[in-house]
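*Asks:* Mind looking over this structure? Questions follow.
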Amino acid sequence: MNEVTKMRLDKLVAKCGLGSRAQARELIRSGQVLVNGLPVKDGGLTLDPLGSTVTVAGKEVNYCEFHYLMLNKPAGVISATRDTLHATVLELLPREYQHLKLFPVGRLDRDAQG
């Protein structure tokens, strides 16, 4: 296993959107997390996220380091992560993407669409 690919189990569970690191540790302690089919109680376990099968509450989770989404921006929405006056492109995303630290890479004016 390459040193770069190692990751703590609690961090992997949290990065997959299943809660904070503390919530991930609780899931692990309660026996709801399996690694390669075996129950694990130590959130500090270091593993290869791409070479291990992790199951949480009976559902396999897939680790992905990067997420790319394409959005057809409607007029009236700004290409920003936060704004107090206008809706942002991040607010248009489904709830399942809200835990990711996403940001727009392209920019369209508020009144432009596409």
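Numbering-wise (the working numbering), the sequence shown opens with residue 1 and increments by one.
The beta-carbon is built from N, C-alpha and C at its ideal position, and this holds for glycine as well.
For residue 43, count neighbouring C-beta atoms within 10 Å of its own C-beta (all shown protein chains included) and say buried if the count is 16 or more, exposed if not.
*Replies:* With a threshold of 16 other beta carbon atoms within 10 Å, residue 43 meets it and is buried.
*Asks:* What first and last residue would you give for the alpha helix (DSSP H) that runs through residue 59?
*Replies:* Taken as a continuous stretch (DSSP letters only), residue 59 belongs to no alpha helix (DSSP H), being part of the beta strand (DSSP E) at 59–61.
*Asks:* What does the Cβ neighbour count give for residue 36, buried or exposed, with the cut at 16 atoms within 10 Å?
*Replies:* exposed
*Asks:* I'd like to know whether the C-beta atoms of residue 86 and residue 78 end up nearer to each other than 8 angstroms.
*Replies:* yes
*Asks:* So, is residue 15 buried or exposed, given that buried needs 16 or more other C-beta atoms within 10 angstroms?
*Replies:* buried
*Asks:* Is residue 33 helix, strand or coil by DSSP?
*Replies:* strand
*Asks:* Beta-carbon within less than 7 angstroms of residue 103's beta-carbon, same chain only, minus the 5 sequence neighbours each way: which residues are those?
*Replies:* The answer, listed in chain order, is 81.
*Asks:* Give me whichever residues DSSP pairs with residue 55 in a beta bridge.
*Replies:* 34 and 60
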